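**Q** In my numbering, the protein residues as written are 122 to 865. This structure is in structure tokens; I'll ask about it shortly.
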């Protein structure tokens, strides 16, 4: 048993430390190089030579577990190791010949243009195919094949910093390294592979460019033969037949690459107007990546040896390393593919959330009146849910009936013009995103003011719902008592419901979960609205022959327009009902003790339980703990849903991470300093004045010069974003371009 334990320990150490451990165990560099370089065998199999090359790369990059050197210093150490290795080979000519023959034989046997045409580029035809391929690459070991040099290349450079290290190598080291790796025959072979890669990438661009999905979204409409994609093929073929340094053909090729790249911007403009398709966004991004790689390969082929342009080969290899690490992750693929979809969702959903925002005292009263209507409907919903619970059906059917009850009630509230409490923050992302054009000091004040409007509107909806649900539920219970002599629930069930609503218990967790469900329902509404626009359902219904024949052209157009305006509301209400009703069922299926807590429904349940127990229940701590639980439910569901909406808005506008944290902390500080600003309309102006003074004070608290760490805006933001520091009260200013980078 002891022997087995130590053997497993040895195997684990080998897996953890890798192959380089047997060389790094020796502190003498000459012994390390002697042991490593004498393994080179030109007569061995291709896989053995490839693994030896990977071991050499690991020896160059090896970094001790504990070190005081920074990243740049380790890059210099790595360059020094490379120079030491080349000097050692020059001193041992017999070993150098074996190493040179092994390297050159490996490169000659690796044929095909895959290194230049597939490394770091998406090559699957669809988004989900590419996603499954990347997931498989994460799980399965790498397969090295002589026909796929890209796999060996990415294994030699597994660190993203390898790109910068390669660019920092001086010309003398590069010349010595190239002399070791290649000869004239290998150079000619790889120049041919670059031309083959240009041909392959051009064919993939043409296949996408002339497809119906692309041509239908290009403006102005043009015949297929007149598209710039087919012209690109003709010019590429002419330039490949001509001299690489033919300036006229080279200018034509580069111009057409730029024109094809501009066509993708037109497709994005069409998606902005008519909705987003994830698969189409993936194909557009793939075309843009292929066009960028074509431009890089054109620069390499057009470079004149001996001139500064000859260093473009080094730049190409560095670009291949960066592209592999930037485009091989599953997270990066999903982030780039869904960035435009999130942006379009918050833009298209803005029309549905704007009408429920209380921008003044009159609007606040209007939302309260809508909340009264919604509360009256939800009183009946809560009592029906109590009746469903008393049926004693199977848990799945109980959840299905609850979902039906909720969905019908939410649709009825929308039909009568009512407002559902805690649902509005989940659709607040569009309004918040529209105020993120410039997050300077004035822009931050506008964003905070808009957040105050949204939360005040939500407070008005909560007040309206709660003012109506308790009296209406009590009235219905009283009518049932006088007419039928029954109470909503038995005493044991009433005590159980009060205990489940109690503040002392899992109620805060359930309230936070409900806030997430509210936000997810708004996502479903946004996706439905985007799908409706993408499929052009309004035009389809307005011109459907049978519908036009049955209703007439004018009524068919009105029905299609009505459905377009309300598709988000309908889908959001149905999805929210399903989430509230079926989440406890699914949680119980997986053994999770989870439940949902909606403030209005909880208030109705509390009223029914108190009525069933009698007036004496109002004097018990059990009742007041349940009432406190209802209040906490209102606060947490609103806070969680609003936080999710704010995060979605920030990500849709591609705001940097440090700036996102700064915005969230600014809103939190404002809420702590002036909570009435987010609740009551009469305190809005006074709280805004106090907020202005607090904005000035926060500048001093954060360091006065913008050097406060994460709480201050970033001092240096990529993509042209800059931070300006000024006088106190202006040091939190972070100037962003009005049109931020829209696509990932």
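Every residue, glycine too, gets a C-beta built ideally from N, C-alpha and C. Since this is a predicted model, take the numbers as computed values, not measurements.
Have a look at the DSSP bridge pairing and note the partners of residue 211.
**A** Translated into positions along the chain shown, residue 211 becomes position 90. BP columns for residue 211 are empty, so no partner.
**Q** For residue 872 versus residue 180, is the C-beta distance shorter than 8 Å?
**A** Residue 872 lies beyond the stretch modelled for the chain, which goes from 122 to 865, so this question has no answer here.
**Q** Drop a sphere of 10 angstroms on the beta-carbon of residue 323, count the other beta-carbons inside from all chains shown, and report buried for 16 or more, exposed for fewer.
**A** If you number the chain shown from 1, residue 323 lands on position 202. Looking at its Cβ environment, which holds 16 or more other Cβ atoms inside 10 Å, residue 323 is buried.
**Q** Starting from residue 794 and walking both ways along the alpha helix (DSSP H), at which residues does that stretch end?
**A** Here residue 794 corresponds to residue number 673 of the chain shown, with the count starting at 1. Start and end: 778-794.
**Q** Alpha carbon to alpha carbon, what distance is there between residue 582 and residue 413?
**A** Reading the chain shown from its first residue, position 292 is the one you call residue 413. Reading the chain shown from its first residue, position 461 is the one you call residue 582. Take the alpha-carbon of residue 413 and the one of residue 582: they are about 51 Å apart.
**Q** Taking just the CA atoms, how far does residue 243 sit from residue 341?
**A** Working through the chain shown from its first residue, we reach residue 341 at position 220. Working through the chain shown from its first residue, we reach residue 243 at position 122. Approximately 29 Å between the Cα atoms of the pair.
**Q** Here's the rule I'm using: 16 or more other beta-carbon atoms within 10 Å means buried, otherwise exposed. How should residue 286 be labelled?
**A** Counting from 1 along the chain shown, the entry for residue 286 is found at position 165. Residue 286 is buried by the Cβ-count criterion.
**Q** Quick one: Cα of residue 840 to Cα of residue 729, how far?
**A** Residue numbering aside, residue 840 sits at position 719 when the chain shown is read from its first letter. Residue numbering aside, residue 729 sits at position 608 when the chain shown is read from its first letter. In this prediction, residue 840 has a pLDDT of 37, which is less than 50 and means its spatial position is unreliable; nothing more can be read from the coordinates.
**Q** For residue 563, count neighbouring Cβ atoms within 10 angstroms of its own Cβ and tell me buried if that reaches 16, exposed if not.
**A** Residue 563 sits at position 442 when you count from the first residue of the chain shown. Per the 10 Å Cβ criterion, exposed.
**Q** Could you pull out every residue in the same chain whose Cβ sits closer than 6 Å to the Cβ of residue 754, ignoring the five residues on either side in sequence?
**A** The residue labelled residue 754 in the question sits at position 633 within the chain shown. These residues qualify, in order along the chain: 632, 718, 720 and 723.
**Q** Could you say which of 441, 525 and 530 lies nearest to residue 280 if we only look at CA atoms?
**A** Here the question's residue 280 lines up with position 159 in the chain shown. Per the Cα distances, 441.
**Q** Classify residue 238 as buried or exposed, calling it buried when 16 or more other Cβ atoms lie within 10 Å of its own Cβ.
**A** To locate residue 238, count along the chain shown from 1; it is residue 117. Residue 238 is buried by the Cβ-count criterion.
**Q** Straight-line CA distance for residue 115 to residue 651?
**A** Nothing about residue 115 can be reported from this structure: the residues present for the chain run from 122 to 865 only.
**Q** Taking the alpha-carbon positions, what's the residue 677 to residue 488 distance?
**A** Here residue 677 is taken as the residue at index 556 of the chain shown, counted from 1. Here residue 488 is taken as the residue at index 367 of the chain shown, counted from 1. Using only the alpha carbons, I get a separation of about 32 Å.
**Q** For residue 317, does the three-state DSSP call read helix, strand or coil?
**A** Within the chain shown, the letter at position 196 stands for residue 317. If DSSP states are grouped into helix, strand and coil, residue 317 belongs with the helices.
**Q** In angstroms with no decimal places, state the Cα-to-Cα distance between residue 345 and residue 688.
**A** Here residue 345 corresponds to residue number 224 of the chain shown, with the count starting at 1. Here residue 688 corresponds to residue number 567 of the chain shown, with the count starting at 1. Cα to Cα, residue 345 sits roughly 36 Å from residue 688.
**Q** Measuring only the C-alpha atoms, how far is residue 591 from residue 725?
**A** The residue given as residue 591 occupies position 470 in the chain shown. The residue given as residue 725 occupies position 604 in the chain shown. When rounded, the distance between both Cα atoms is 6 Å.
**Q** Here's the rule I'm using: 16 or more other beta-carbon atoms within 10 Å means buried, otherwise exposed. How should residue 610 be labelled?
**A** Reading the chain shown from its first residue, position 489 is the one you call residue 610. Label assigned to residue 610: buried.
**Q** Please tell me whether residue 531 and residue 694 are closer than 8 Å, where the distance is taken between their beta carbons.
**A** Looking up residue 531 in the chain shown gives position 410. Looking up residue 694 in the chain shown gives position 573. Yes. Within cutoff.
**Q** Would you kindly check if the distance between the Cβ of residue 738 and the Cβ of residue 565 is under 8 Å?
**A** Looking up residue 565 in the chain shown gives position 444. Looking up residue 738 in the chain shown gives position 617. Going by C-beta atoms, residue 565 is not nearer than 8 Å to residue 738.
**Q** Quick check: the Cα distance between residue 672 and residue 659, rounded to an integer number of angstroms?
**A** Counting from 1 along the chain shown, the entry for residue 672 is found at position 551. Counting from 1 along the chain shown, the entry for residue 659 is found at position 538. Their Cα atoms are separated by approximately 15 Å.
**Q** Please name the residue in 411, 619 and 438 whose C-alpha comes closest to that of residue 421.
**A** In the chain shown, residue 421 corresponds to position 300, counting from 1. Residue 421 has its Cα closest to that of 438, out of 411, 619 and 438.
**Q** CA-CA distance, residue 300 and residue 208?
**A** Counting from 1 along the chain shown, the entry for residue 300 is found at position 179. Counting from 1 along the chain shown, the entry for residue 208 is found at position 87. Rounded to whole angstroms, residue 300 to residue 208 spans 13 Å at the Cα level.
**Q** Exposed or buried, what is residue 332 when buried is set at 16 or more other beta-carbons lying within 10 Å of its beta-carbon?
**A** The residue labelled residue 332 in the question sits at position 211 within the chain shown. Per the 10 Å Cβ criterion, exposed.
**Q** I need the DSSP call for residue 337, collapsed to helix, strand or coil.
**A** The residue you call residue 337 lines up with position 216 of the chain shown. In the structure shown, residue 337 sits in coil (DSSP, three-state: anything other than H, G, I, E or B).
**Q** Please classify residue 406 as buried or exposed, where buried requires at least 16 other C-beta atoms within 10 Å of its C-beta.
**A** Walking along the chain shown from the start, residue 406 turns up at place 285. So residue 406 counts as buried.
**Q** Spatial neighbours of residue 159 within its chain, please: C-beta separation below 7 Å, excluding the five flanking residues on both sides.
**A** Counting from one through the chain shown, the residue named residue 159 turns up at place 38. Closer than 7 Å at the Cβ level, and outside the excluded window around residue 159, lie 216.
**Q** Within the continuous alpha helix (DSSP H) that includes residue 107, where are the two ends?
**A** With the chain represented from 122 up to 865, any question about residue 107 goes unanswered, as that position is not in the structure.
**Q** Can you tell me whether DSSP reads residue 285 as helix, strand or coil?
**A** On the chain shown, residue 285 is found 164 positions in, with the first residue counted as 1. Of the three classes helix, strand and coil, the one that applies to residue 285 here is helix, per DSSP.
**Q** Near residue 751, what residues of its chain come up, given a Cβ to Cβ distance below 7 Å and the 5 sequence neighbours on each side ignored?
**A** Walking along the chain shown from the start, residue 751 turns up at place 630. 622, 720, 723, 724 and 727, listed in sequence order.
**Q** Among residues of its own chain, excluding the 5 on either side of residue 649, which ones have a beta-carbon nearer than 7 Å to its beta-carbon?
**A** Mapped onto the chain shown, residue 649 falls at position 528. So the qualifying residues of the chain are 688, 689 and 692.
**Q** So for residue 837, helix, strand or coil by DSSP?
**A** Start at 1 with the first residue of the chain shown, and residue 837 comes out as number 716. Residue confidence for residue 837 is low, a pLDDT of 35 falling below 50, so the modelled location carries little weight and cannot support an answer.
**Q** Hey, out of 307, 766 and 667, whose CA is closest to residue 785's CA?
**A** Taking the chain shown and counting its residues from 1, the one referred to as residue 785 is at position 664. Minimum Cα distance to residue 785 is reached at 766.
**Q** Could you tell me whether the region 267-276 touches the region 349-358, where touching means 3 or more Cβ pairs closer than 8 Å?
**A** no
**Q** Mapping DSSP to helix, strand and coil, what is residue 128?
**A** Taking the chain shown and counting its residues from 1, the one referred to as residue 128 is at position 7. Residue 128 falls in the helix class under three-state DSSP.
**Q** May I ask you to report which of helix, strand or coil DSSP gives residue 409?
**A** The residue labelled residue 409 in the question sits at position 288 within the chain shown. Three-state result, residue 409: helix.
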